[in-house]
Amino acid sequence: MDNTLLLSAGFEPIRVISWKKAVTLVVLGKVEVLEAYQREVRSPSLTLKLPAVIKLQRYLKPIPRRVKFSRQNLFSRDNYTCQYCHRHYPAGQLTYDHIVPRSKGGKTSWTNVVTSCVRCNLKKGNKHLKSLNYKLLKEPREPRWLPQFSQILHGGNGHPAWRSYLAYAKA
Ligand SMILES: [Zn+2]
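If you want it as structure tokens, here you go:
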């Protein structure tokens with residue numbers, strides 16, 4: 000509880016850190032506090048509201064991050080929505096589908112695999128999208144956000160203000 004979301008100077012979420020570490024960064028002048036909890040920490044020399052969102056003062060070169068290809072991360076990327084019929088489903092009723100079928104050389108990759116409901120998946124089979132009149136909800140791309148942030152968004156953990164910063168990262 001009372002963890003802190005650390006953002007880059009460009010407002011990109013980097014990671015969630017403990018409030019103790021966050022306070023250290025504040026004291027060292029390395030970060031700017033954007034949002035704070037009600038709770039305060041006191042020491043002989045300072046009183047500080049626990050930081051909820053902090054932003055690095057200095058611009059650091061972004062670390063290239065790759066999101067591991069997995070069912071869970073794929074469903075997260077597609078918002079648990081079948082990309083063919085555009086309906087929302089619980090994870091148990093979803094599967095994934097190769098846009099270009101594997102039997103036709105399609106790869107298992109972020110750009111060739113989409114979330115699909117079981118029904119659309121069966122209907123599509125090995126056919127091409129065009130012959131079925133299927134329209135993808137959005138162009139499949141490799142996600143830029145970290146899955147841990149997606150879990151925070153779905154799980155409702157952290158400070159309420161995190162949501163807007165994480166949503167920004169997902170766009
Ligand atoms: Zn569907």
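Residue 107 in numbering that gives the first Met the number 0 is what sits at position 108 of the sequence shown, and the numbering runs on without skipping anything. Ideal placement from N, C-alpha and C gives every residue a C-beta, glycine not left out.
- prompt: Do three or more CB pairs link the stretch 45 to 53 to the stretch 115 to 134 at distances below 8 Å?
  reply: no
- prompt: Does the separation of the CB atoms of V113 and Y95 fall below 8 Å?
  reply: On the sequence shown, position 114 is the one that residue 113 refers to. On the sequence shown, position 96 is the one that residue 95 refers to. Result yes, Cβ atoms of V113 and Y95 sit closer than 8 Å.
- prompt: Thinking just about the alpha-carbon of each residue, which of G91, C116, H87, K129 is nearest to the one in V99?
  reply: For the purposes of this step, residue 99 is taken as the residue at position 100 of the sequence shown. It is K129 whose Cα lies nearest to the Cα of V99.
message: I'd like to know if S108 contacts chain B, where contact means its C-beta is closer than 8 Å to some C-beta of that chain.
response: Of the chains in the structure shown, none is chain B; there is only one protein chain.
Pairwise C-alpha distance: S75 and A170: Along the sequence shown, read from residue 1 onward, the residue named residue 170 stands at position 171. Along the sequence shown, read from residue 1 onward, the residue named residue 75 stands at position 76. Since pLDDT at A170 reaches only 45, below the 50 mark, its modelled position is unreliable, and no value is offered.
message: Excluding the 5 residues flanking L55 on each side, which residues of the same chain have their C-beta closer than 6 Å to its C-beta?
response: Residue 55 sits at position 56 when you count from the first residue of the sequence shown. So the qualifying residues of the chain are S7, A8, V30.
- request: Per DSSP, which residues does T171 bridge with? Please list them.
  value: Residue 171 lies beyond the residue range present for the chain, which begins at 0 and ends at 170; the question has no answer from this structure.
task: Starting from S115, follow its DSSP beta bridges and name the residues at the other end.
output: Residue 115 sits at position 116 when you count from the first residue of the sequence shown. Answer is T94.
query: Under 8 Å between the Cβ atoms of P12 and L4?
result: Working through the sequence shown from its first residue, we reach residue 12 at position 13. Working through the sequence shown from its first residue, we reach residue 4 at position 5. Cβ atoms of P12 and L4: closer than 8 Å.
message: If you reduce the DSSP assignment to three classes, tell me which class R162 lands in.
response: As a first step, residue 162 must be located in the sequence shown, where it is residue number 163. R162: helix per DSSP, three-state reduction.
Opening and closing residue of the beta strand (DSSP E) in which L70 lies: The count along the sequence shown starts at 1 and reaches residue 70 at position 71. In the sequence as displayed, the identity of residue 70 is Arg instead of Leu. R70 -> not in any beta strand (DSSP E); alpha helix (DSSP H) instead, spanning 70 to 76.
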